[in-house]
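Those letters in the sequence shown? Residues 777 to 981, by the working numbering. Okay, structure first, notes after.
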Amino acid sequence: MSRRILFATGNEGKMREVRMILADLKLPVLSMKEAGIDPDIEENGNSFEENALIKARAVAGCTGPGDIVLADDSGLEIDYLNGEPGIYSARYMGEDTSYRIKNANLIERLSGVPKEQRTARFVCAIAAVLPGGGNEAAQEFVVRGTVEGYIGWEERGTNGFGYDPIFYVDEYGCSTAELDSETKNRISHRGNALRLCKERLRELM
């Protein structure tokens, strides 16, 4: 039985990061689109972990018997805004609203707020559903990765997507959209979660 890893996203930027980090598992890594899967998923969980598991289970119900399904839910938590946009990061101000507009709105809401109160973090939860063998049930687990930073005063950088241009990391003195791909993958919330996920997969495969 040939094994594949299916990642529940159609985001090419995300898939580049996923493929880079999971490459040494020596398994093909496909997006939902590449696998021809497009389930109608209602992300109605109350946490990143719940939403990731909802997605992973939905996709696992549409796949072949040997496929490993991974799904993530990630977002930006801004402490001054009581954790907003949080689990609603992708839907903040409407799903079809550009991130340039979303980022400008968040910067405006933090107008006049000093750096020490602009703390924020990117959070990524990744859920995995592994096929069971014979009469065994499928195995599931969820991991979480984070990266701490703060919200800047302007968008900077083009090597990223979403909220990357306004999320700054003190260690590098720049936004995550200004980091090269290797550095970004090493410190990012998704990179951290993917490495934890990879270790768990190695134990279970």
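Backbone N, C-alpha and C fix where the C-beta goes; we use that ideal spot for every residue, glycine too.
Rounded C-alpha distance that separates residue i from residue j
i                 : j              : result
asparagine 881    : glycine 928    : 12 Å
methionine 777    : glycine 821    : Because methionine 777 sits at a pLDDT of 47, beneath the cut-off of 50, its placement in the model cannot be relied upon, and the following sentence gives the value as read from the coordinates. C-alpha separation (whole angstroms): 33 Å.
methionine 869    : leucine 886    : 16 Å
cysteine 838      : valine 905     : 12 Å
phenylalanine 824 : glutamate 788  : 21 Å
glutamate 930     : proline 907    : 45 Å
isoleucine 877    : alanine 953    : 16 Å
aspartate 872     : arginine 779   : 35 Å
tyrosine 875      : arginine 867   : 10 Å
alanine 811       : glutamate 892  : 45 Å
isoleucine 883    : leucine 972    : 32 Å
serine 951        : arginine 966   : 16 Å
proline 815       : isoleucine 863 : 20 Å
glutamate 975     : lysine 960     : 20 Å
glutamate 819     : glutamate 826  : 8 Å
Contacts around residue i, its chain only, beta-carbon distance under 7 Å, and the 5 residues preceding and following it disregarded
i             : result
valine 889    : Tyr856
glutamate 860 : Ile854
arginine 833  : Val905
valine 794    : Phe783, Val805, Leu970
leucine 955   : Asn935, Tyr948
Beta carbon of residue i nearer than 8 Å to that of residue j
i                 : j                 : result
isoleucine 854    : alanine 896       : yes
methionine 791    : valine 835        : no
lysine 831        : isoleucine 844    : no
leucine 977       : leucine 801       : yes
arginine 894      : tyrosine 926      : yes
phenylalanine 937 : phenylalanine 898 : no
Whole-Å CB distance - residue i paired with residue j, under 8 Å assumed
i                 : j            : result
valine 919        : serine 964   : Going by Cβ atoms, the distance from valine 919 to serine 964 rounds to 14 Å, so no, they are not a contact pair.
leucine 970       : leucine 798  : 7 Å
phenylalanine 917 : leucine 846  : Wrong, their Cβ atoms sit about 10 Å apart, outside the cutoff.
glycine 949       : proline 941  : Actually they are not in contact, since the Cβ atoms of glycine 949 and proline 941 sit about 15 Å apart, beyond 8 Å.
asparagine 879    : tyrosine 939 : 6 Å
Contact set for residue i: own chain, Cβ-Cβ below 6 Å, skip 5 residues either direction
i              : result
asparagine 968 : Gly921
aspartate 848  : Ala828, Cys900, Ile902
serine 865     : Gly851, Leu852
serine 957     : none
asparagine 935 : Ala953
Proximity test, Cβ basis, 8 Å: residue i and chain D
i              : result
isoleucine 883 : Protein chain content of the structure displayed is limited to a single chain, and chain D is not contained in it.
Close Cβ partners of residue i (< 8 Å) along its chain, the five nearest in sequence each way excluded
i              : result
glycine 786    : Ser807, Met808, Lys809
alanine 914    : Ala836, Val905, Leu906, Pro907, Gly908
methionine 796 : Ser957, Asn961
aspartate 946  : Gly925, Tyr926
glycine 840    : Arg780
If you scan the segment 874-909 from start to end, which runs of the beta strand (DSSP E) of 3 or more residues do you find wholly inside it? 895-906
Let me know the alpha helix (DSSP H) ranges lying completely inside the segment 922-971, each 4 residues or longer, listed in chain order. 957-963
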